[in-house]
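To start, the structure itself, in structure tokens.
Numbering (this note's numbering), first residue to last: 736 to 812.
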């Protein structure tokens, strides 16, 4: 990463501390730069789960059962 950010109180830090902070930021960036792929995958899974749940709910709503020789729809419950 070649962008340099200005840090408050930078003049109070030693060169070793500045280098350590830069390395930490670089390492953290590298670890998390591909998170968007995981978030996209999880979003697709959630969308598929919601669609399946809606389809199953519609199927159950259209089913009925018999009691006392009358057919009762689940929606009436």
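A virtual CB, placed ideally from N, CA and C, is assigned to each residue, including glycine.
How long is the line joining the alpha carbons of residue i and residue j, rounded to whole angstroms?
i, j, result
"residue 794", "residue 771", "35 Å"
"residue 757", "residue 775", "29 Å"
"residue 751", "residue 765", "21 Å"
"residue 769", "residue 759", "17 Å"
"residue 791", "residue 783", "12 Å"
"residue 749", "residue 755", "10 Å"
"residue 789", "residue 767", "34 Å"
"residue 780", "residue 796", "24 Å"
"residue 785", "residue 773", "18 Å"
Could you give the residue range of the alpha helix (DSSP H) that holds residue i?
i, result
"residue 798", "From DSSP, residue 798 is part of no alpha helix (DSSP H); its letter is neither H nor E."
"residue 750", "750–767"
With a threshold of 8 Å between beta carbons, is residue i in contact with chain B?
i, result
"residue 790", "Of the chains in the structure shown, none is chain B; there is only one protein chain."
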